Ligand code: ADP
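In this note's numbering, the protein residues as written are 95 to 635.
See below:
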């Protein structure tokens, strides 16, 4: 839309300019002929000359003040001007005048609006008019043949020169338009690629001033401002692993090939820090440098890898803690078993008591190892989402099943395992495995950490949800421990806890399971009075 307007405005200006020049040239020429300053064999009647002057002025004024409407309008005006010029030449001024060159301006306009055809038509018009003029006047004015011939040759020569100039300009214009189109296409291609990249991608000049960037850049930098023209260093507040400040521009200057770094951190204005992976490369230009390459800017691709890095660190730490935790029971089991082997080999009569206690120690450690491996595999299942399949679960049925399952374990410690389910709570839609494992963890802990009293499993309807509580009258958890019990491998320092076997993984796994189920675990506890572990799940209507 904008382009079309510009073109028509330009053309309008050109044709108006030509009128301004052509009209006075012809009017002055007529006046010079009328006052005898210019000799013309064609001039005879002053009245016609005056009418022609009037026509020139009226037509030009009309043309000047009435904007061009359509191509037909342009053609009409054009024919009118051409005709008026030829009539003026034939009746008043004659062909053999230097002012004839003014016709060239009309040729330019014809070529501008109607291309080569318009140009040729205008030239032919002049040649035909010259021919007619010669035929009509030659019998009375024989010198007219030579004059008109010279004028026509002059006009044709000038026309050919003009045509070739216009042609070369046209070629240059079209080459320019073609290269602009190519450039635009190239630009569109690059913008499409960049805008479809999920990584923040900048293209800068050799001074690090941003020329192009994609939407991901704004997301990464958490800004809405226009980044074009901004120096890239101003946008990144970079530090390396040792906390040393890094200027991105200095990195770019040193980069003579693609460089990758994942040790950088960016600090946002509010102090938040993210880990960045940055790939940067110089843009090498070979254009106009005769085989040499020069660096004309840089491409910088940045990505937030905070999450990936923290997962990586968490995984490394986890592996190191797990291997440490596993080493102790393995060493103990291995030590006791090799002791037992020595005892068996050396003594004829084996002390049964010593042997039994050695085997028990080894067995306890193996049980501990089995429990840990079990917890680890539950954890890995939850993290990989293996048992994510959800189903409709009848809460009452599940709670009764768990109650039956743990009845004997509680009874073995002289504990009562009560059920509190006033009405049937209904159904929930969740992963059966996750929900069962979560409740099992709470119940086994309650039994483990309660020496006398009871354990109560509660499932109640509450605001369209079912609330699960596992309450015990056990040793309780101190306030400071309540904050830590969900950490992996955490076990309270309390001697009563240390007396029981445990991995410190159960509640860590539970918190992961709760997150998978879309809920959160609440703990209320008082040291030496007991604890309650609770969570809620939405009921199906
Ligand atoms: P584990 O029971 O194997 O030690 P958990 O992750 O299940 O590991 O529990 C972590 C810690 O939380 C326990 O070591 C214990 O200190 C505390 N804890 C968990 N449940 C109870 C409970 N019902 N009563 C008292 N302390 C508990």
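Virtual Cβ for every residue (Gly too), placed ideally from N, Cα, C. Given the structure is predicted, the values throughout are model-derived calculations rather than measurements.
Query - Any residue whose CB is nearer than 5 angstroms to a heavy atom belonging to ligand 1, listed in chain order - result: 539, 540, 543, 568, 571, 579, 585, 586, 591, 596, 597, 598, 600, 601, 625
Report task. Determine the contact status of residue 292 and residue 309, defining contact as a CB-CB distance below 7 angstroms. Result -> no
Query - Contact set for residue 548: own chain, Cβ-Cβ below 8 angstroms, skip 5 residues either direction - result: 509, 510, 511, 512, 566, 567
Report task. Within the same chain, show all residues whose beta-carbon is closer than 7 angstroms to that of residue 95, passing over the 5 residues directly before and after it, in chain order. Result -> Confidence at residue 95 is low in this model, with a pLDDT of 29, below 50, so its placement is unreliable and no value can be given for it.
Report task. Go ahead and label residue 610 buried or exposed: buried means 16 or more other beta carbons lie within 10 angstroms of its beta carbon, across all protein chains shown. Result -> buried
Query raised in the report: Just reading off the alpha helix (DSSP H) that residue 559 is part of, what are its end residues?
Result: From DSSP, residue 559 is part of no alpha helix (DSSP H) but of the beta strand (DSSP E) over 559-566.
Query - Beta-carbon contacts of residue 574 that lie in its chain and below 8 angstroms, excluding the five residues immediately before and after - result: none
Report task. Out of 123, 156, 158, point me to the one whose CA is closest to residue 143's CA. Result -> Ranking the options by Cα distance to residue 143, first place goes to 123.
**Report entry** Same chain only: Cβ atoms within 8 angstroms of residue 487, ignoring 5 sequence neighbours per side
**Finding:** Within the same chain, residue 487 has close Cβ partners 521, 522, 523, 524, 526, 529.
Query raised in the report: Three or more C-beta pairs closer than 8 angstroms, one from the segment 406-421 and one from the segment 435-454: is that the case here?
Result: no
Query - Where the beta strand (DSSP E) containing residue 139 begins and where it ends - result: Segment: none, residue 139 is in no beta strand (DSSP E) and carries neither H nor E.
Report task. Provide the residue(s) that pair with residue 353 in DSSP beta bridges, ordered along the chain. Result -> 374
Query - Coil, strand or helix - residue 613 by DSSP - result: In this structure, residue 613 counts as coil in the three-state DSSP scheme.
Report task. Go through its chain and collect everything with a Cβ distance to residue 216's Cβ below 7 angstroms, but skip five positions before and after it. Result -> 176, 200, 201, 204, listed in sequence order.
Query raised in the report: Mapping DSSP to helix, strand and coil, what is residue 190?
Result: coil
Report task. Within the same chain, show all residues whose beta-carbon is closer than 6 angstroms to that of residue 147, passing over the 5 residues directly before and after it, in chain order. Result -> 121, 124
Report task. Please list, in chain order, all residues of the same chain as residue 373 whose beta carbon is under 6 angstroms from its beta carbon, the five residues on each side excluded. Result -> 354, 395
Report task. Give every residue of the same chain whose Cβ lies closer than 8 angstroms to the Cβ of residue 313, excluding the five residues on either side of it in the sequence, and list them in chain order. Result -> 294
Query - Cα-Cα separation between residue 305 and residue 332, rounded to whole angstroms - result: Looking at the two C-alpha atoms, the distance is approximately 21 angstroms.
Report task. Assign residue 528 to one of three DSSP states: helix, strand, or coil. Result -> helix
Query raised in the report: For residue 621, which option in 569, 468, 603, 166 has the closest C-alpha, if you only look at C-alpha atoms?
Result: 569
Query raised in the report: Should the segment 124-134 be called in touch with the segment 182-195, which here means at least 3 C-beta pairs below 8 angstroms?
Result: Flag = yes, the segment 124-134 and the segment 182-195 touch.
Report task. Work out the CA separation of residue 172 and residue 214 for me, nearest whole Å. Result -> If you draw a straight line from the Cα of residue 214 to the Cα of residue 172, it comes to about 14 angstroms.
**Report entry** residue 499 versus residue 287: straight-line alpha-carbon distance, rounded
**Finding:** 60 angstroms
Query raised in the report: Between which two residues does the beta strand (DSSP E) carrying residue 307 extend?
Result: Looking at the DSSP string, the run of the beta strand (DSSP E) that includes residue 307 is 304-307.
**Report entry** Whole-angstrom distance between residue 240 and residue 233, CA atom to CA atom
**Finding:** 13 angstroms
Query raised in the report: Using DSSP with H/G/I as helix, E/B as strand and the rest coil, what is residue 367?
Result: strand
Query raised in the report: Taking all protein chains shown into account, do 16 or more other C-beta atoms lie within 10 angstroms of the C-beta of residue 469, making it buried, or fewer, making it exposed?
Result: buried
Requested in this report: Would you tell me roughly how many angstroms separate the C-alpha atoms of residue 220 and residue 178, rounded to the nearest one?
Outcome: 12 angstroms
Query raised in the report: Under the three-state reduction of DSSP, which class applies to residue 521: helix, strand or coil?
Result: strand
Requested in this report: Alpha carbon to alpha carbon, how far is residue 166 from residue 99? Give it in angstroms, no decimals.
Outcome: For residue 99, the pLDDT reaches just 38, beneath the cut-off of 50, and the residue's location in the model is therefore unreliable, leaving the point undetermined.
Query raised in the report: Which residue spans inside the segment 277-337 form an unbroken alpha helix (DSSP H) run of at least 4?
Result: 309-315, 326-329
Report task. In the DSSP assignment, find the alpha helix (DSSP H) that holds residue 593 and state where it starts and stops. Result -> 589-593
Query raised in the report: What is the DSSP secondary structure of residue 480, reduced to helix, strand or coil?
Result: Judged by DSSP in its simplified three-state form, residue 480 adopts coil rather than helix or strand.
Query raised in the report: residue 346: which of 282, 494, 327 sits nearest, CA to CA?
Result: The shortest C-alpha to C-alpha distance from residue 346 to any of 282, 494, 327 is the one to 327.
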